[in-house]
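Visitor: Line order of the protein sequences matches chains C and Z. Using the working numbering, the letters of the first sequence map in sequence onto residues 4 to 110. Using the working numbering, the letters of the second sequence map in sequence onto residues 10 to 129. Just passing along the structure, written as structure tokens.
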Amino acid sequence: DIQLTQSPSSLSASVGDRVTITCRASLGIRHSLAWYQQKPGKAPNLLVYDASKLQTGVPSRFSGSGSGTDYTLTISSLQPEDFAIYYCQQYYNIPGTFGQGTRVEIK
Amino acid sequence: EVQLLESGGGLVQPGGSLRLSCAASGFTFRSYAMTWVRQAPGKGLEWVAVVSSNGGGRYYADSVKGRFTISRDNSKDMMYLQMDSLRTEDTAVYFCAKDVVAAPYYFDFWGQGTLVAVSS
Numbered sequence: 004d005i006q007l008t009q010s011p012s013s014l015s016a017s018v019g020d021r022v023t024i025t026c027r028a029s030l031g032i033r034h035s036l037a038w039y040q041q042k043p044g045k046a047p048n049l050l051v052y053d054a055s056k057l058q059t060g061v062p063s064r065f066s067g068s069g070s071g072t073d074y075t076l077t078i079s080s081l082q083p084e085d086f087a088i089y090y091c092q093q094y095y096n097i098p099g100t101f102g103q104g105t106r107v108e109i110k
Numbered sequence: 010e011v012q013l014l015e016s017g018g019g020l021v022q023p024g025g026s027l028r029l030s031c032a033a034s035g036f037t038f039r040s041y042a043m044t045w046v047r048q049a050p051g052k053g054l055e056w057v058a059v060v061s062s063n064g065g066g067r068y069y070a071d072s073v074k075g076r077f078t079i080s081r082d083n084s085k086d087m088m089y090l091q092m093d094s095l096r097t098e099d100t101a102v103y104f105c106a107k108d109v110v111a112a113p114y115y116f117d118f119w120g121q122g123t124l125v126a127v128s129s
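Spelled out as structure tokens, the structure:
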């Protein structure tokens with residue numbers, strides 16, 4: 004199975020900050036990576052797919068990048084509604100493994 | 010509007026069985042793969058099993074292989090997860106998720122989840 008390692012596991016940031024979350028795969032996944040946001044008690048919500056394509060309706064402050072084994076989710080200006088847990092998921096191979104999550108908290 | 014509604018969760022003793030259901034609406038169900046993802050209390054997301062659009066392809070996480078069976082009924086727009094030989098470590102919220110294509114991929118819609126608690 005492909006392992007995904009997210010960093011950091013958690014971070015504290017202020018409204019307006021630029022936030023970057025990294026996801027490293029145990030082997031190359033050729034841009035087959037999605038990012039999800041999950042708020043407490045809710046189902047995950049798709050933000051980015053194919054490593055860099057923004058899902059319809061997702062604010063443009065979110066962006067994804069990367070290639071090979073290393074991928075990044077960036078929030079350009081953190082908003083109050085962005086405080087949540089973020090997960091990456093690879094779909095290059097079955098099973099479609101998830102990273103362990105990154106909690107974004109209010110500083 | 011796409012809707013996914015899970016049901017069938019509850020409290021079960023170790024070694025017992027449960028059958029989860031996922032009722033889909035708002036899209037052409039038979040055209041998309043469907044996946045179960047679970048989340049243990051306070052933990053991250055774990056991919057559990059996927060069934061292809063026509064039901065011919067079924068894949069499982071190693072942690073549930075041989076104990077869980079995924080299936081679907083395209084005439085009823087329903088997906089199922091038969092869970093046997095349940096263990097305490099299977100305790101989680103189980104989400105059904107719609108893949109974006111007919112084969113296993115990523116997920117554009119999720120249900121709200123159903124809680125399975127395995128305890129004596």
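Ideal placement from N, C-alpha and C gives every residue a C-beta, glycine not left out.
Within the continuous beta strand (DSSP E) that includes residue 69/C, where are the two ends?
Guide: Here the beta strand (DSSP E) through residue 69/C covers 65-70.
Visitor: Residues of chain Z with CB closer than 7 angstroms to the CB of residue 46/C, please, in chain order.
Guide: Those are 104, 119, 120, 121, 122, listed as they occur along chain Z.
Visitor: Bridge partners for residue 47/Z per DSSP, in chain order?
Guide: Paired residue(s): 55/Z, 103/Z.
Visitor: In three-state DSSP terms, what is residue 108/C?
Guide: The answer is strand: DSSP assigns residue 108/C an E or B state.
Visitor: Quick check on residue 96/Z: does DSSP put it in helix, strand or coil?
Guide: Correct three-state label for residue 96/Z: coil.
Visitor: Do residue 2/Z and residue 89/Z have their CB atoms nearer than 8 angstroms?
Guide: A question about residue 2/Z goes unanswered here, because the residues of chain Z that appear run from 10 up to 129.
Visitor: Between residue 68/Z and chain C, is any beta-carbon pair separated by less than 8 angstroms?
Guide: It does: the Cβ of residue 68/Z has a partner Cβ on chain C nearer than 8 angstroms.
Visitor: So, for residue 28/Z: in the same chain, excluding its five sequence neighbours on each side, which residues have a beta-carbon less than 8 angstroms away from its beta-carbon?
Guide: So the list reads 17, 89, 90, 91, 92, once near-sequence residues are dropped.
Visitor: I need the straight-line Cα distance from residue 64/Z to residue 80/Z, nearest angstrom please.
Guide: One C-alpha to the other measures close to 7 angstroms.
Visitor: Who are the Cβ neighbours of residue 106/Z in its own chain at under 6 angstroms, not counting the five residues just before and after it?
Guide: For residue 106/Z, where only same-chain residues beyond five positions count, the Cβ hits under 6 angstroms are 44, 46, 116, 119.
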